[in-house]
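Counting from 19, one number per residue, gives the positions in the sequence shown under my numbering.
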Amino acid sequence: VWVHSQGELIRDAQGRPATLLGTAVDITERKREQQAIRESEEKYRRIVEHAPAGIYQSTLEGRLLSANPALAEMLAYDSPDDLVAAATDIGGRFFVRPELRTEFVAAALAATGFVQREVGYRRKDGTVLTANVQMRAVRDAEGRAEFLEGFVEDVTERKRAAERLDEQVRMLKALNAGAQRLAETLSV
19 VWVHSQGELI RDAQGRPATL LGTAVDITER KREQQAIRES EEKYRRIVEH
69 APAGIYQSTL EGRLLSANPA LAEMLAYDSP DDLVAAATDI GGRFFVRPEL
119 RTEFVAAALA ATGFVQREVG YRRKDGTVLT ANVQMRAVRD AEGRAEFLEG
169 FVEDVTERKR AAERLDEQVR MLKALNAGAQ RLAETLSV
């Protein structure tokens with residue numbers, strides 16, 4: 019049992035201690051709730067820190083508020099703190115086409131959930147990756163947008179593989195068409 023107690027010493031007319039007046043309140047339930055909150059926060063912190071996708075929060079204007087290690091690594095920063103310190107203008111710093119962020123934010127503010135875009139994203143060293151970015155507006159009790167949050171996934175290799183596959187399919191179709199023409203020519 020957890021108890022919060024306080025007391026006051028009452029003195030007699032000569033100034034000698036006469037009585038101790040005090041209160042005690044059982045705060046066991048409050049302590050349990052605080053512990054449950056700490057455990058919940060720790061659980062979700064671990065999830066965010068170990069997630070394979072980049073996770074972020076930003077102001078509506080484009081200053082990064084927080085980022086997880088996966089996003090820092092994806093964008094070639096040493097740590098999430100370094101990334102947050104450098105990201106005072108997300109649109110200008112990361113979006114290959116900064117105007118897309120403005121459109122993206124407008125879509126997120128108009129939506130009730132996540133919106134998604136595939137965009138060119140710039141790493142710290144200037145190299146470009148293709149990113150699947152998801153964003154949503156986080157709103158206060160009155161429905162006003164307070165900040166944005168979302169996920170970033172590097173889909174560069176997946177896009178390249180799809181392009182290579184498309185090229186191979188085009189080549190096979192061309193070969194097949196040539197083989198059919200040759201077969202028709204030989205059968206005549």
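By construction, the Cβ of each residue, glycine as well, lies at the ideal position given by its N, Cα and C atoms.
If I measure Cβ to Cβ from residue i and keep anything under 8 Å in the same chain, skipping five residues before and after, which residues do I get?
i, result
"Ala129", "Arg154 and Ala155"
"Pro98", "Ser84, Ala85, Asn86, Pro87, Leu89 and Ala90"
"Glu67", "Asn86 and Pro87"
"Arg111", "Ala104, Ala105 and Arg140"
What three-state label does DSSP hand residue i in the structure shown?
i, result
"Ala149", "strand"
"Glu160", "coil"
"Arg119", "helix"
"Gln32", "coil"
"Ala129", "coil"
"Gly144", "coil"
"Glu79", "coil"
"Leu89", "helix"
"Ala124", "helix"
Suppose you measure from the CA of residue i to the CA of residue j; what does that come to, to the nearest Å?
i, j, result
"Thr77", "Asp172", "22 Å"
"Ala36", "Ala42", "20 Å"
"Leu166", "Lys177", "26 Å"
"Gln134", "Arg199", "45 Å"
"Gln75", "Glu185", "38 Å"
"Glu164", "Gly131", "14 Å"
"Gln152", "Arg182", "26 Å"
"Ala103", "Asp96", "11 Å"
"Glu59", "Asp100", "23 Å"
In its own chain, which residues sit with a C-beta less than 6 Å from the C-beta of residue i, not counting the 5 before and 5 after it?
i, result
"Arg141", "Leu93 and Ala94"
"Gly25", "Leu38 and Gly40"
"Asp143", "Ala94"
Where does the unbroken alpha helix (DSSP H) through residue i begin, and where does it stop?
i, result
"Ile73", "Unbroken run through Ile73 is the beta strand (DSSP E), Gly72 to Ser76; no alpha helix (DSSP H)."
"Tyr62", "Thr46 to His68"
"Val102", "Pro98 to Ala104"
"Asp107", "Where Asp107 is concerned, there is no enclosing alpha helix (DSSP H), given that its DSSP letter is neither H nor E."
"Leu204", "Thr174 to Ser205"
Enumerate in chain order the residues of its own chain whose CB-to-CB distance from residue i is below 7 Å, with the five nearest sequence positions on each side excluded.
i, result
"Lys49", "Trp20"
"Arg119", "Gly80, Ile108, Gly109 and Phe113"
"Arg29", "Pro35 and Ala36"
"Pro116", "Gly109 and Gly110"
Taking the alpha carbon of residue i as the point to measure from, which residue in the options has its own alpha carbon closest?
i, options, result
"His22", "Asp44, Val170, Ala159 and Ala31", "Asp44"
"Glu47", "Ile55, Gly40 and Thr41", "Ile55"
"Ala179", "Ala197, Glu164, Thr148 and Gly161", "Thr148"
"Glu175", "Asn150, Asn194 and Asp143", "Asn150"
"Gly72", "Thr106, Arg188, Glu121 and Phe169", "Phe169"
"Gly161", "Asp143, Gly144, Leu127 and Gly138", "Leu127"
Residue range of the beta strand (DSSP E) that residue i falls in?
i, result
"Ala85", "Leu82 to Ala85"
Could you check if residue i belongs to the surroundings of the ligand SAM, using beta carbon to heavy atom distance under 7 Å?
i, result
"Pro116", "Ligands in the displayed structure: none, and consequently the ligand SAM is not present."
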